[in-house]
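Asks: First, the structure itself, so that you have it in front of you.
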Amino acid sequence: VTRRSFAQEEVDRFGWLSGDVNPIHVDPVAARRMIFNRPVVHGIMLIGWVLECQMGQLARSGARLRTMTALFIGPVPVGDEVTLETDGAWPALRFRIICGGAVVARGSIGFEESSAADAIPVGQLAAPRGPAELDRSAFASAKGEERLEIGSGFEILFPALAARLPHWQIAVLTALTRIVGMHCPGLNSILSEIDIRFEAQPAPTIGWKVGEFDDRFGRLSLDLVSTSVTGTVIAFERPVAGGARPQAGILSSIGPREFAHFKPLIVGATRGMGGVLTRLLVAGGARVVGTFNMGSADAATLVEELKSGPGQCRFEKLDIFDRDTTNIRRIIAGSAGFSHLFYTATPPIFVGTSGVVSNDLFEHFLEAYVGSFLRLFETLEAGGPTLAGVFFPSSAAVQDHQPGLAEYAMAKAAAEAMIAALAARHRKIQFLAPRLPRLDTDQTINRAGVAADDPAPLALALLRQFRS
Amino acid sequence: LVEGEIYARLTTVFLNVFDQEVALAPQTTADDVEGWNSLSHIRLILAVEKEFKVRFAASEVGMLKNVGELVGLVAAKAGS
Numbered sequence: 051v052t053r054r055s056f057a058q059e060e061v062d063r064f065g066w067l068s069g070d071v072n073p074i075h076v077d078p079v080a081a082r083r084m085i086f087n088r089p090v091v092h093g094i095m096l097i098g099w100v101l102e103c104q105m106g107q108l109a110r111s112g113a114r115l116r117t118m119t120a121l122f123i124g125p126v127p128v129g130d131e132v133t134l135e136t137d138g139a140w141p142a143l144r145f146r147i148i149c150g151g152a153v154v155a156r157g158s159i160g161f162e163e164s165s166a167a168d169a170i171p172v173g174q175l176a177a178p179r180g181p182a183e184l185d186r187s188a189f190a191s192a193k194g195e196e197r198l199e200i201g202s203g204f205e206i207l208f209p210a211l212a213a214r215l216p217h218w219q220i221a222v223l224t225a226l227t228r229i230v231g232m233h234c235p236g237l238n239s240i241l242s243e244i245d246i247r248f249e250a251q252p253a254p255t256i257g258w259k260v261g262e263f264d265d266r267f268g269r270l271s272l273d274l275v276s277t278s279v280t281g282t283v284i285a286f287e288r289p290v291a292g293g294a295r296p297q298a299g300i301l302s303s304i305g306p307r308e309f310a311h312f313k314p315l316i317v318g319a320t321r322g323m324g325g326v327l328t329r330l331l332v333a334g335g336a337r338v339v340g341t342f343n344m345g346s347a348d349a350a351t352l353v354e355e356l357k358s359g360p361g362q363c364r365f366e367k368l369d370i371f372d373r374d375t376t377n378i379r380r381i382i383a384g385s386a387g388f389s390h391l392f393y394t395a396t397p398p399i400f401v402g403t404s405g406v407v408s409n410d411l412f413e414h415f416l417e418a419y420v421g422s423f424l425r426l427f428e429t430l431e432a433g434g435p436t437l438a439g440v441f442f443p444s445s446a447a448v449q450d451h452q453p454g455l456a457e458y459a460m461a462k463a464a465a466e467a468m469i470a471a472l473a474a475r476h477r478k479i480q481f482l483a484p485r486l487p488r489l490d491t492d493q494t495i496n497r498a499g500v501a502a503d504d505p506a507p508l509a510l511a512l513l514r515q516f517r518s
Numbered sequence: 257l258v259e260g261e262i263y264a265r266l267t268t269v270f271l272n273v274f275d276q277e278v279a280l281a282p283q284t285t286a287d288d289v290e291g292w293n294s295l296s297h298i299r300l301i302l303a304v305e306k307e308f309k310v311r312f313a314a315s316e317v318g319m320l321k322n323v324g325e326l327v328g329l330v331a332a333k334a335g336s
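Shown next as structure tokens:
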């Protein structure tokens, strides 16, 4: 059994040397808006680690890969500890990678004896450009040819592998992640399965084409055609969030002065429910102060989008986990007094494991929804009694158990009790803490067709519940 | 197809997809099976389609709440 974690710098390095610089791996801010809510380690980098562990123990001077299967079941977030379990003996090996208590990848590798000499020179990879954004209609006929090249620095990440495996075989593996992450499906991709067989004859390139595209699930089967490797790679079109931008019909139903009496502070205002509320309130003439933690670029985009009004918005950086209230007090001092507080900030929600209840994860959510909220609310109140309304979204998961959401639901239940207690003490403030259904935001992106509602109509109905 | 036969064949499908023995019951959900997430759900559905020679719509697949509903859907599609 072997353990390690992958740091962002290591994943960045793997991105550059493989040519797969998909933002889901190397851009922490962009990755936060994607399906796993965090940057994740390349599947092929995990395979590299499995091979590195094997090559490190190898009594022979070198080896060749014969066959490889791999199934990527769940993400390995950058920084999280992973455990490798192997069984079998040379030349056949089975492996399982465990992360967060669950098997996230498994597969098999067949080796054969070889000297470590390279059969063909491996070229130097040019600096990669951004990933392709293929349209769905282009998937079925997509094909291409990849040169077997590796960027420099592979030996820094995987020294035993670089010393003992033919570099053209390493280049085949890095070409696979490049094909999926940069070409097809490209930007919106998830690598799912590999089933390949290495042939004796190395070649300078490998050809690939989409053998089958199942548009029900966005699933692509890529066939590899080459004298050096044959087989199949399965990838998914990674689903993207729909509902952050309200449809024109909703916006045009809002009177230009309807929310002009609102001077709201929206915590977590650039995305999800917070992003929707910001757009609706500005459409109704409100002067919004929004906060973001990581998304300064999102905030700048939103300011540009909403600059024609009728209301206004500006943004401040705020980390809800920051226990020092200096920044909150600075934001309050820079305002004319907030009339409403919208607390839509959240850490990534879909991080729990089905059938497991983690106290650490519960405490993390509790700090986000109770500790951090109280700190903010009390600091606002200490600045003077300006608040007329508070919006705190709870969740339908409190009453309807959903797999993997136990800790989140537990913390939201505690927050509901907190809101009830605050409402009893602050009778002039109107508290709204509805149990919202699963909404279509970047937190709830998934591929299995779990229904998610458009957040805009719901958000507008909630805003209209506030007394004027 | 009778229900008992569907459960027996599904048990083999689950073993292949999830790499573990699962005692299937109508109320079995994703909570009960390690590794049953949104992507492996699709692998499961494709394996079920292959085993029973049926084809599901994406909307049918997204609405399934437990194994009982999956068995019901298979039975309906397979014409029993």
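If you read the protein sequences in the order shown, they are chains V and B. Just add 50 to wherever you are in the first sequence, counting from 1, and you've got our numbering. Just add 256 to wherever you are in the second sequence, counting from 1, and you've got our numbering. Cβ atoms here follow ideal geometry from the backbone N, Cα and C, with glycine treated the same way.
#1: Under 8 Å between C-beta atoms, does A314 (chain B) make it to chain V?
#2: Quick one: complete alpha helix (DSSP H) runs, 4+ long, within the region 313–363 of chain V?
#3: CB-CB under 6 Å to M460 (chain V), same chain, minus the five flanking residues each way: which ones, in chain order?
#4: Check each residue of the region 279–295 of chain B: if its Cβ is closer than 8 Å to any Cβ of chain V, include it; give the result in chain order.
#5: Is it true that the CB of G236 (chain V) sits closer than 8 Å to the CB of P181 (chain V)?
#6: Between the Cα of S55 (chain V) and those of V:R114, V:G112, V:V132, spot the shortest distance and give me the residue it belongs to.
#7: Would you kindly work out how many angstroms separate the C-alpha atoms of A511 (chain V) and L482 (chain V), rounded to a whole number?
#8: Let me know if Q283 (chain B) comes out buried or exposed under the rule of 16 or more other beta-carbons within 10 Å of its beta-carbon.
#9: Is the beta carbon of L241 (chain V) less than 8 Å from the beta carbon of A285 (chain V)?
#10: Leaving out five residues before and five after A331 (chain B) in sequence, what residues of the same chain have Cβ atoms less than 8 Å from its Cβ?
#11: So, for I154 (chain V): in the same chain, excluding its five sequence neighbours on each side, which residues have a beta-carbon less than 6 Å away from its beta-carbon?
#12: So which of V:I479, V:T396, V:G433 has the shortest CA-CA distance to K462 (chain V)?
#13: Which of helix, strand or coil does DSSP assign to M319 (chain B)?
#14: So the candidates are V:T375, V:F342, V:T328; which of them puts its Cα closest to the Cα of G361 (chain V)?
#15: Relative to chain B, which residues along the region 427–453 of chain V have a C-beta separation below 7 Å, given in chain order?
#16: Suppose you measure from the CA of F365 (chain V) to the CA of A310 (chain V); what does that come to, to the nearest Å?
#17: Please compile the residues from chain B whose C-beta is within a distance smaller than 9 Å of the C-beta of G124 (chain V).
#18: In whole angstroms, what is the alpha-carbon distance linking F423 (chain V) and S444 (chain V)?
#19: Using 8 Å for Cβ pairs, my map puts P314 (chain V) next to H390 (chain V). What's the rounded Cβ distance?
#20: Terminal residues of the continuous beta strand (DSSP E) containing Y393 (chain V)?
#21: Examine the Cβ distances between the region 99–112 of chain V and the region 134–143 of chain V and report whether three or more of them are shorter than 8 Å.
#22: Determine the chain B residues that contact V153 (chain V) at a beta-carbon separation under 8 Å, and present them in chain order.
#23: Can we say the region 376–389 of chain V touches the region 109–123 of chain V, given the rule of at least three CB pairs closer than 8 Å?
#24: Please identify the residue among V:L67, V:T394, V:R197 whose C-alpha is closest to the C-alpha of A177 (chain V).
#25: Please confirm whether R364 (chain V) has its beta-carbon closer than 8 Å to some beta-carbon of chain B.
Replies: So, from the data block:
#1: With a threshold of 8 Å between beta carbons, A314 (chain B) makes contact with chain V.
#2: If we require 4 residues or more, the alpha helix (DSSP H) runs fully inside the region 313–363 of chain V come out as 322–333, 346–355.
#3: Around M460 (chain V): F412.
#4: Cβ proximity to chain V below 8 Å picks out T285, A286, D287, D288, V289, E290, G291, W292, N293, S294, L295 from the region 279–295 of chain B.
#5: For the pair P181 (chain V) and G236 (chain V), the CB atoms are nearer than the 8 Å cut-off.
#6: Of V:R114, V:G112, V:V132, the residue nearest in Cα terms is V:V132.
#7: When only Cα atoms are considered, A511 (chain V) and L482 (chain V) end up about 12 Å apart.
#8: With fewer than 16 neighbouring CB atoms inside 10 Å of its own CB, Q283 (chain B) falls in the exposed class.
#9: Judged by their CB atoms, L241 (chain V) and A285 (chain V) are nearer to each other than the 8 Å cut-off.
#10: These residues qualify, in order along the chain: L257, E259, I262.
#11: Note on identity: in this sequence residue 154 (chain V) is Val, with Ile being the wrong assignment. Contacts found: I123, G124, V126, I147.
#12: When only C-alpha atoms are compared, the closest one is V:T396.
#13: It is coil, neither helix nor strand.
#14: If we check each option's Cα against that of G361 (chain V), V:T328 comes out closest.
#15: Residues P453.
#16: The straight-line gap from Cα to Cα measures roughly 18 Å.
#17: Here the neighbours are G291, N293, L295, S296.
#18: When the Cα atoms are used, F423 (chain V) and S444 (chain V) turn out to be separated by approximately 13 Å.
#19: For a cut-off of 8 Å, the C-beta gap from P314 (chain V) to H390 (chain V) is around 4 Å, short enough to register as a contact.
#20: 390–393 is the extent of the beta strand (DSSP E) around Y393 (chain V).
#21: Enough Cβ pairs lie closer than 8 Å, so yes.
#22: Ordered by position in chain B, the residues that pass the 8 Å Cβ test against V153 (chain V) are D275, E290, G291.
#23: Under the three-pair Cβ rule at 8 Å, the region 376–389 of chain V does not count as touching the region 109–123 of chain V.
#24: Of V:L67, V:T394, V:R197, the residue nearest in Cα terms is V:L67.
#25: With 8 Å as the cut-off, R364 (chain V) does not count as an interface residue toward chain B.
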